[in-house]
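**Q**
Chains as they are written, first to last, in our numbering: chain A, 43 to 337; chain B, 17 to 312.
Written out as structure tokens, the structure is:
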């Protein structure tokens, strides 16, 4: 390689600086959030906290430890993630398997594919969906957060496309040995699809952890709220009070709410994802590029 | 070749998925009849009175509706353009980074907000732009008057657009980087032999090489023009900024769930679904023509 020119070197330096700055701008809000939660309530309310805690203390987290609402909704979230992911994955497997067959192997494949595909492009919308969930008796039950989205058609299509790349010989050999569809799915298809399963599974887990609006819509009792729904009520209650006109009123309002505690709770809502993210990022990236760029 | 005889098993495997889809995807589609009804929850879909297009007429004549439609389109067009432009610039800049660990680290940091919920990000944004938050602190340090960002219609709209781009830009950036990796190295070698610098290589090789994916991403995003970001706006807005940030979805939500006007709310939803379907059909056809893109 020949020596880089001066202009090239200048560019590399500027480029590194610009990218670092963008990254920093993306990280600062979370540092700020953490700092507030570790500051004294007075400093936080006066807006003195920037990137470093002012009047460092762990009171917010100590109080959080005793906060019934937080732990209750945390438990609901865990239940939802486990139950929801199990149902979602099972349905993805058993739906994608038959549809990955050729028309020759499975005569009715095409009508089934259309039946599922249409739902990707047309839906009833918010109000009719709410009515259906209500009429099926799911209101105020954790199943309202799981059953309406039990089959994610997009994930199913990703799985289906992966199943189709599995060499036919594997299946034929198993068939000769007398294996049926169930055995082929569980013993051959799933073990060789582990990378795809990891990707889809992670997206499903994150999706269930992050969902909050369905909780607002379908659950009446706050004690059944998952964590993100509970957090959303904290945030929306500030917004609804924000209509007051004068600056003094808003300042007074901002002071009323326990800022450090609220911030600590929001930070804890993001923490599980931030902790696992660095280790699992490659699976996320892999799954996305599989889905969007097709040869 | 011996084929499996037991086709009934395949039907059986599909049964749970079919039932769930029938109830929770096709059920609401059938439920769209309420758009043509004077819908009473107690009477249900079957016994509510039909009123023809009254609900549509009622909604379209509401003074707010035009503003809502306008807000939706403005916000989503800005988002669509920035969702192409910002990730493109980031991908091109990252492509010039030679140290892999640095590139990886930047990518991870930019991609992170994509995986956080709008409750967390909304909470962060509201705090950043609050009256005694850091942004106003910065303005104060520059001897400028504090701005009530979350209560000002113009600022609020900008914050909605900007924060959504912040959350989502990592996704398109990764897709675009993957497209850049797919460009043949021989093209760059040939260009270097011809004496083209990095800038010329970018203009004449990288950008044309990315054209298919850029067109694809752009075309596919058109189908979502009536989705301006429901969960984001719902968590961030307040009645003062309805004028600039109330979109179709939030409008339907309030009309249906708070005002209990189920028929009119469903009519707006129906209007949105039909337009979206038409756009999706056209754009997928275009994507298929341009890039041979198919989902199956």
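C-beta: ideal position from N, C-alpha, C; glycine also.
Predicted, not measured: the structure shown is a model, and the values here were computed from it.
1) Run down chain B in chain order and give the residues with a C-beta less than 8 Å from the C-beta of residue 57 of chain A.
2) Of all the CB atoms in chain B, is at least one closer than 9 Å to the CB of residue 161 of chain A?
3) Could you please give the first and the last residue of the uninterrupted alpha helix (DSSP H) stretch that includes residue 112 of chain B?
4) Measuring only the C-alpha atoms, how far is residue 173 of chain B from residue 152 of chain B?
5) Given this structure, state the Cα-to-Cα distance separating residue 305 of chain B from residue 209 of chain B, to the nearest angstrom.
6) Should residue 24 of chain B be labelled buried (16 or more other beta-carbon atoms within 10 Å of its own) or exposed?
7) Below 9 Å between beta carbons: does that hold for residue 82 of chain A and residue 187 of chain A?
8) State yes or no: is the C-beta of residue 78 of chain A within less than 9 Å of the C-beta of residue 302 of chain A?
9) I'd like the span of the alpha helix (DSSP H) that includes residue 27 of chain B, first residue to last.
10) Between residue 22 of chain B and residue 146 of chain A, how many whole angstroms is the CB-CB distance? I'm expecting something under 8 Å.
11) Check the DSSP bridge columns for residue 217 of chain B and list the partner residues they point to.
12) What residue does the alpha helix (DSSP H) around residue 227 of chain B start on, and which one ends it?
13) According to a CB-to-CB cut-off of less than 9 Å, which residues of the stretch 61-87 of chain A neighbour chain B?
14) Do you know whose CA, among A:250, A:66, A:142, lies nearest residue 202 of chain A's CA?
15) Just to confirm before moving on: does the CB-CB distance between residue 253 of chain B and residue 176 of chain B stay below 9 Å?
16) Strictly below 8 Å CB to CB, what residues from chain A border residue 278 of chain B?
17) Quick one: any contact between the stretch 196-214 of chain A and the stretch 86-97 of chain A, if contact means 3 or more CB pairs under 8 Å?
18) Tell me, please, whether the CB atom of residue 304 of chain B is closer than 9 Å to any CB atom in chain A?
19) Can you pull the chain A residues whose beta carbon is under 7 Å from the beta carbon of residue 124 of chain B, in chain order?
20) What residues from the stretch 177-191 of chain A come within 9 Å of chain B, judged by C-beta to C-beta, listed N to C?
21) Is it right to say residue 276 of chain B is buried, meaning 16 or more other beta carbons lie within 10 angstroms of its own, or is it exposed?
22) Comparing the C-beta of residue 121 of chain A with each C-beta of chain B, is any distance below 9 Å?
23) Assign residue 224 of chain B to one of two classes, buried (16 or more other C-beta atoms within 10 Å of its C-beta) or exposed (fewer than that).
24) Identify whether residue 168 of chain B lies in helix, strand or coil by the three-state DSSP scheme.
25) For residue 54 of chain B, name the three-state secondary structure that DSSP assigns.
26) I'd like to know if residue 267 of chain A contacts chain B, where contact means its C-beta is closer than 9 Å to some C-beta of that chain.
27) Does residue 116 of chain B come within less than 9 Å of chain A when only Cβ atoms are used?
28) Chain A beta carbons: is any one of them nearer than 9 Å to that of residue 74 of chain B?
29) List, in chain order, every chain B residue whose beta-carbon is nearer than 8 Å to that of residue 116 of chain A.
30) Looking only at its chain, what residues have a beta carbon closer than 6 Å to the beta carbon of residue 297 of chain A, apart from the 5 residues adjacent to it on each side?
31) When you compare only the Cα positions, how much space is there between residue 138 of chain A and residue 155 of chain B?
32) Return the chain-ordered list of same chain residues with a C-beta closer than 8 Å to the C-beta of residue 46 of chain B, the five sequence neighbours on each side being excluded.
33) Could you check what DSSP says for residue 318 of chain A in three-state terms: helix, strand or coil?
34) Is residue 65 of chain B helix, strand or coil when you go by DSSP?
35) Give a yes or no on whether the minimum CB-CB distance between residue 200 of chain B and chain A is below 9 Å.
36) Who are the Cβ neighbours of residue 285 of chain B in its own chain at under 6 Å, not counting the five residues just before and after it?
**A** Looking at the coordinates:
1) Start at 1 with the first residue of the first chain, and residue 57 of chain A comes out as number 15. The contacting residues are 109, 112, 113.
2) Position 119 of the first chain, counted from the first residue, corresponds to residue 161 of chain A. Closer than 9 Å: yes.
3) As a position in the second chain, residue 112 of chain B is number 96, starting the count at 1. No alpha helix (DSSP H) contains residue 112 of chain B, which DSSP labels as neither H nor E.
4) Numbered from its first residue, the second chain carries residue 173 of chain B at position 157. Numbered from its first residue, the second chain carries residue 152 of chain B at position 136. Roughly 18 Å separates the two Cα atoms.
5) Position 289 of the second chain holds residue 305 of chain B. Position 193 of the second chain holds residue 209 of chain B. Rounded to whole angstroms, residue 305 of chain B to residue 209 of chain B spans 35 Å at the Cα level.
6) Residue numbering aside, residue 24 of chain B sits at position 8 when the second chain is read from its first letter. Answer is exposed; the Cβ neighbour count stays below 16.
7) As a first step, residue 82 of chain A is located in the first chain; it is residue number 40 there, counting from the start. As a first step, residue 187 of chain A is located in the first chain; it is residue number 145 there, counting from the start. Result no, Cβ atoms of residue 82 of chain A and residue 187 of chain A do not sit closer than 9 Å.
8) Stepping through the first chain from its first residue, residue 78 of chain A is reached at position 36. Stepping through the first chain from its first residue, residue 302 of chain A is reached at position 260. For residue 78 of chain A and residue 302 of chain A, yes; Cβs fall inside 9 Å.
9) As a first step, residue 27 of chain B is located in the second chain; it is residue number 11 there, counting from the start. Per DSSP, residue 27 of chain B belongs to the alpha helix (DSSP H) from 23-37.
10) Counted from its first residue, the second chain places residue 22 of chain B at position 6. Counted from its first residue, the first chain places residue 146 of chain A at position 104. The pair is not a contact, with the Cβ atoms about 15 Å apart (cut-off 8 Å).
11) Locating residue 217 of chain B in the second chain gives position 201, where the first residue counts as 1. Note: residue 217 of chain B sits in no beta bridge, so no partner.
12) Walking along the second chain from the start, residue 227 of chain B turns up at place 211. Here the alpha helix (DSSP H) through residue 227 of chain B covers 223-238.
13) 61, 62, 64, 65, 66, 67, 68, 69, 70, 71, 72, 74, 75, 78, 87
14) Along the first chain, read from residue 1 onward, the residue named residue 202 of chain A stands at position 160. The shortest Cα separation from residue 202 of chain A among A:250, A:66, A:142 belongs to A:142.
15) As a first step, residue 253 of chain B is located in the second chain; it is residue number 237 there, counting from the start. As a first step, residue 176 of chain B is located in the second chain; it is residue number 160 there, counting from the start. Yes, the pair counts as a contact, with Cβ atoms nearer than the cut-off.
16) As a working note, residue 278 of chain B is residue 262 in the second chain. Those within 8 Å of residue 278 of chain B in chain A are 169, 173.
17) no
18) For the purposes of this step, residue 304 of chain B is identified with residue 288 of the second chain, where counting begins at 1. No, no contact with chain A.
19) Indexing the second chain from 1 puts residue 124 of chain B at position 108. Here the neighbours are 320, 323.
20) 177, 178, 189, 190, 191
21) On the second chain, position 260 is the one that residue 276 of chain B refers to. The residue is exposed, with fewer than 16 neighbouring Cβ atoms inside 10 Å.
22) Here residue 121 of chain A refers to the residue found at position 79 of the first chain. No, no contact with chain B.
23) Numbered from its first residue, the second chain carries residue 224 of chain B at position 208. That one is exposed.
24) Looking up residue 168 of chain B in the second chain gives position 152. Here residue 168 of chain B sits in coil by DSSP.
25) One-based indexing of the second chain puts residue 54 of chain B at position 38. Of the three classes helix, strand and coil, the one that applies to residue 54 of chain B here is strand, per DSSP.
26) Counting from one through the first chain, the residue named residue 267 of chain A turns up at place 225. Closer than 9 Å: no.
27) Walking along the second chain from the start, residue 116 of chain B turns up at place 100. No, residue 116 of chain B does not count as interfacial toward chain A.
28) Within the second chain, numbered from 1, the residue matching residue 74 of chain B stands at position 58. No - not a single Cβ of chain A is within 9 Å of the one on residue 74 of chain B.
29) By one-based count along the first chain, residue 116 of chain A stands at place 74. Per Cβ cutoff of 8 Å: no residues; residue 116 of chain A is ~14 Å from chain B at best.
30) Locating residue 297 of chain A in the first chain gives position 255, counting from the first residue. Low confidence applies to residue 297 of chain A: its pLDDT is 49, below 50, so where it sits in the model is not reliable enough to give any reading.
31) Within the first chain, residue 138 of chain A is the residue found at index 96, counting from 1. Within the second chain, residue 155 of chain B is the residue found at index 139, counting from 1. Roughly 55 Å separates the two Cα atoms.
32) Within the second chain, numbered from 1, the residue matching residue 46 of chain B stands at position 30. Only 61 meet the Cβ criterion.
33) Taking the first chain and counting its residues from 1, the one referred to as residue 318 of chain A is at position 276. In the structure shown, residue 318 of chain A sits in a helix (DSSP, three-state: H, G or I).
34) Looking up residue 65 of chain B in the second chain gives position 49. Residue 65 of chain B: strand per DSSP, three-state reduction.
35) As a working mapping, residue 200 of chain B is identified with position 184 in the second chain. So no, residue 200 of chain B is outside the interface.
36) In the second chain, residue 285 of chain B corresponds to position 269, counting from 1. If we look at residue 285 of chain B and ignore the five residues flanking it on each side, its Cβ neighbours are 268.
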